[in-house]
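2 protein chains.
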Amino acid sequence: MRLLFAALALLMVSPVASTAQPAPERPIALALHGGAGTILRQNLTPEREAAVRAALEQALDAGYAVLLRGGTALDAVEATIRVLEESPHFNAGVGAVLTDAGTAELDAAVMDGRTRAAGAVSGITTVRSPIQLARRVMERSPHVMLVGAGAEEFAGQQGLERVTNDFFILPERREQLRRMQENRRTGFNALGVPDPSFVSPERFDAALAASPDLSGGMEHKFGTVGAVALDRDGNLAAGTSTGGMMGKKFGRVGDAPIIGAGTYADNATCAVSATGHGEYFIRAVVAHDIASIIRYTGLSLTQAASAVVHGSLVEMGGGGGVIAVDPQGRVTMPFNTPGMYRAAIDGAGNRTVAIFRD
Amino acid sequence: MRLLFAALALLMVSPVASTAQPAPERPIALALHGGAGTILRQNLTPEREAAVRAALEQALDAGYAVLLRGGTALDAVEATIRVLEESPHFNAGVGAVLTDAGTAELDAAVMDGRTRAAGAVSGITTVRSPIQLARRVMERSPHVMLVGAGAEEFAGQQGLERVTNDFFILPERREQLRRMQENRRTGFNALGVPDPSFVSPERFDAALAASPDLSGGMEHKFGTVGAVALDRDGNLAAGTSTGGMMGKKFGRVGDAPIIGAGTYADNATCAVSATGHGEYFIRAVVAHDIASIIRYTGLSLTQAASAVVHGSLVEMGGGGGVIAVDPQGRVTMPFNTPGMYRAAIDGAGNRTVAIFRD
């Protein structure tokens, strides 16, 4: 039944043959995101839009090249995310949002759909590639999640490339934080919307309901990068990397490094990476819920991801989106915000690079 | 259909009326655990068994009293876990296992099934009740998870009771750590079994397969306490608290504070708290998987929990167990190890306090 669907999918999803790359015998697929939020045409200069698109293309090509030469889904995910971590346009690695203390504290996770092995790190300040560290945790430690100074110590033992924290910090992020802190005194954040950091969840939720602009800063405040891949051996992988939440305090951990919430992969169902207001994604266990719907109801990847992103998450008030791929190479990238930086080449070879809803 | 099952359950599960407490009109239920592992009669002195049973009874009574007087499931879970945290017999709060550095670093999480609000903390060293702090994170911060020094700072702002780290540390835990560190040099831990902390997951898994005794230390090495409850208003809650893994390094975080893995609650399905080898519980997203099976397949709580604990987890090699309660007050406490410290009063008023498999 699945094979039939896969065959149908291969026949049906290439309406414009001239833009499609040749579909390999066994499908390979890659999808990535660079954050979701109120990304509106009027707020994005043509120059910035072009630069973001170029970065998305570059990351997509880097990961897809790995798959094309027969590399693993894990390698493709890592290669994709490392490009996004090094790009200043996204909230991960270089260009990460800053904590209340003005530092970059990075989180990342990776999961291997073949074995359901997983690695995750949080509060990273000196490791150049958090996604690389997450993978080392998965492959070279008996643990799944390491945080803070302990995770840095493990990175040291593993001989990973270290940088000073300044390496990650852009001047515009400092300015963003300065404005946020100034506004914080009045209860509003850098985007002129009620700031969640010092109010109760109830008050924040009320503010969210009352202010259509509140999600306006989501891309900046909660941005994330991520990738999912299917390799020629039929193995899936997912990874996510982020600077977390702008102005975060108290050692806050979002959904990106939480296996099941922001990152999940299982060859039996799908690989998922999420981006959005992490607290809601943790509570809804978003990535694992999508996999569970597929596994236990037989709904398709697209139906399952849509049910969570446009259903459960919207009911809870959680803005954001996901990228996901299944063992047949089908890709879905739903989001409930005005925009999500995203790109993919699905199992039929169709290439997508997009920012807005259309 | 559900009501019919509930009615049948109420009729069927009270075989020994004399030991059952009177069942209230609307069911209330509470279950707790104090860790799972190779708990064998021959290794437990009568004195220790009596002391552990007394602690389980005391925690059960503390939580159930809250429910009996109409209190919330959340209050019952917190009351139960605070007794277990203060007891020296379990790996949580006082009596926690020690890190490689000889300190106690505590994790906890709580989730409200009514709203799916959640709070979690990791790496706590000076807050007397980690479960209380997790609840404050849920109720008084906009975040779900706080770790390390940041979480401690938040505790300070909230005015929670602080203690020195020594408050949590028992002499026998120091001795346990000393033996473990001595054996570590030869690659074996305090229990004389291959130690996972410095080998690859593959080597550890190989050792696990080769050594039937490896799980022998699980109760000591991976113990956890937890509680789940159903209150008179039909609301579910779950909580978990732990010292984590004995001899842990590198800021290791286990499943207890990972929402969906060690702790999950949703009024629509069930409340779950897990105990066992945390890395596997994270990878299998155990607590949320049980809820998903109920939600998406219609299997009962007992069937769903059994499918995960005796199915997926065993396939992965993950030893441990869970306690779970559903909105009808049914309780299940499956484990795939020789024993699990556990106690419950289900919706029909049946009281259980048990350690071994029989």
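The listed protein sequences correspond, in order, to chains Z and V. The opening residue of the first sequence carries number 1129 in the numbering used here; numbering runs sequentially from there. The opening residue of the second sequence carries number 1129 in the numbering used here; numbering runs sequentially from there. For every residue, glycine included, the Cβ atom is placed at its ideal position computed from N, Cα and C. As the structure is a computational prediction, the values presented were derived from the model and not from experiment.
Below 8 Å, too few C-beta pairs join the region 1181-1194 of chain V and the region 1234-1242 of chain V to call them touching: fewer than three. The beta-carbon distance between Val1211(V) and Leu1358(V), rounded to whole angstroms, is 19 Å. This is too long to meet the 8 Å contact definition. Our two residues, Gly1371(Z) and Gly1351(Z), have alpha carbons roughly 8 Å apart in a direct line.
Ranked by how close their Cα comes to the Cα of Gly1354(V), the residues Arg1197(V), Val1272(V), Thr1403(V) have Thr1403(V) in first place.
Three or more beta-carbon pairs separated by less than 8 Å link the region 1462-1469 of chain V to the region 1440-1453 of chain V, which places the two stretches in contact. Going by C-alpha positions, Ala1157(V) is about 5 Å away from Asp1474(V).
Note on geometry: alpha-carbon atoms of Val1381(V) and Gln1170(Z) lie some 43 Å from one another. Between Gly1251(V) and chain Z, the shortest Cβ-Cβ separation is below 8 Å. Interface flag for Gly1390(V) against chain Z is unset, since no Cβ pair is found closer than 8 Å.
Beta bridge pairing from DSSP links Arg1470(V) with His1161(V), Ala1482(V). Contact between the region 1384-1396 of chain V and the region 1425-1433 of chain V is absent: fewer than three C-beta pairs spanning the two stretches fall below 8 Å.
Just measuring C-alpha positions, the residue of Val1437(Z), Pro1466(Z), Ala1472(Z), Asn1478(Z) sitting nearest Phe1484(Z) is Pro1466(Z).
When the five nearest sequence neighbours on each side are left out, the beta carbons in the same chain lying within less than 6 Å of the beta carbon of Ser1440(Z) are those of Ala1412, in order along the chain.
Residue range 1201-1214 is occupied by the alpha helix (DSSP H) that includes Val1205(Z). Ser1257(Z) sits close to Gly1221(Z), with the two beta carbons spaced by under 8 Å.
Short of 7 Å from the beta carbon of Phe1409(V), and not among the five residues preceding or following it, lie these beta carbons of its own chain, in chain order: Asp1383, Ala1389, Gly1390, Ala1402, Gly1446, Gly1448.
If you draw a straight line from the Cα of Ala1396(Z) to the Cα of Val1194(V), it comes to about 43 Å.
For Val1180(V), same chain residues with a beta-carbon under 8 Å away, outside a window of 5 residues either side, are Gly1162, Leu1172, His1217, Tyr1469, Ile1483 in chain order. In its chain, beyond the 5 residues on either side, Thr1403, Gly1404, Gly1448, Gly1449, Phe1463, Thr1465, Met1468 have a beta carbon closer than 6 Å to the beta carbon of Ala1164(Z). Look at Thr1292(Z) here: in three-state DSSP terms it is coil, with no helix or strand label. Taking 3 residues as the shortest admissible run, the region 1369-1457 of chain V contains the following complete beta strand (DSSP E) segments, listed from N- to C-terminal end: 1391-1394, 1398-1404, 1448-1453. Closer than 8 Å to the CB of Val1381(V) there is at least one CB belonging to chain Z. Beyond the five residues adjoining it in sequence on each side, Lys1377(Z) comes within less than 6 Å, by CB distance, of Asp1228 in the same chain, given in chain order.
For Glu1267(V), the closest C-alpha among the options Gly1191(V), Phe1282(V), Val1437(V) is that of Phe1282(V). DSSP, read as helix, strand or coil, puts Met1308(V) in helix. With contacts defined as CB atoms closer than 8 Å, Tyr1392(V) and Thr1425(Z) fail to qualify as a contacting pair. Going by C-alpha positions, Ala1245(V) is about 31 Å away from Leu1364(Z). Proximity of Ser1369(Z) to chain V, defined by a Cβ-Cβ separation below 8 Å, is not satisfied.
In the displayed model, Ala1476(Z) falls within coil according to three-state DSSP, outside both helix and strand. Chain order gives the chain V residues near Phe1378(Z) as Ser1269, His1271, Leu1274, Gly1278, Ala1279, Glu1281, Phe1282, where near means a beta carbon separation below 8 Å. At a cut-off of 8 Å, the C-beta of Thr1425(Z) has a neighbouring C-beta in chain V.
Excluding five sequence positions before and after Glu1280(V), the CB atoms of its chain that fall closer than 8 Å to its own CB belong to Ile1252, Thr1253, Thr1254, Val1255, given in chain order.
Taking C-beta atoms as the reference points, Val1356(Z) and Ala1159(Z) count as a pair closer than 8 Å.
Contact with chain V is absent for Ile1418(Z), since none of that chain's Cβ atoms lies less than 8 Å from the residue's Cβ. With respect to chain V, the C-beta atom of Glu1206(Z) has no partner C-beta closer than 8 Å. In this structure, DSSP gives Phe1282(Z) a helical state, which the three-state scheme calls helix.
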